[in-house]
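>
In the numbering used here, the protein residues as written are -4 to 108.
Listed below in structure tokens is the structure:
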């Protein structure tokens, strides 16, 4: 999923919506691109882990609520619900990231004054 985002989704979205890269091309070194790709991969691994944990929790809850056999999987990993969970976790992590960056910037501004 991370490679799919890096190779297909991100460039496609940049072309469709005319989104500029984070840094100008002359400032984008080889190591910066590699670090950006690694961060993207790690972020997607974290998202997939969280989505898997959501499925495990939901299945455990459904098994206990409906007194199903412990080996049953009432909610399999189907594409639409997986996509919804993936987007939900992606947006949630983006919001957390933005709030953290804003808090760090505010604390730096207060320290300067």
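All residues carry an ideal CB built from backbone N, CA and C; glycine is no exception.
Within this structure, are the beta carbons of residue 50 and residue 72 separated by less than 8 Å?
Against the chain shown, residue 50 aligns to sequence position 55. Against the chain shown, residue 72 aligns to sequence position 77. Yes.
> Please identify the residue among 15, 17, 23 and 38 whose C-alpha is closest to the C-alpha of residue -1.
Looking up residue -1 in the chain shown gives position 4. Here the closest residue by C-alpha is 38.
> If the criterion is Cβ atoms closer than 8 Å, does the pair residue 32 and residue 1 meet it?
Position 37 of the chain shown, counting from 1, holds the residue named residue 32. Position 6 of the chain shown, counting from 1, holds the residue named residue 1. Yes, these two residues count as a Cβ contact at 8 Å.
> Can you tell me which of the three DSSP states residue 65 falls into?
Residue 65 sits at position 70 when you count from the first residue of the chain shown. Looking at residue 65 - three-state DSSP - the assignment turns out to be coil, as it is neither helix nor strand.
> Can you have a look at residue 34 and say buried or exposed, based on whether 16 or more other CB atoms are within 10 angstroms of its CB?
What you label residue 34 is simply residue 39 of the chain shown in a count that begins at 1. The residue is exposed, with fewer than 16 neighbouring Cβ atoms inside 10 Å.
> Does the beta-carbon of residue 46 have 16 or more other beta-carbons within 10 angstroms, so that it is buried, or is it exposed?
As a first step, residue 46 is located in the chain shown; it is residue number 51 there, counting from the start. By the 10 Å Cβ count, residue 46 comes out buried.
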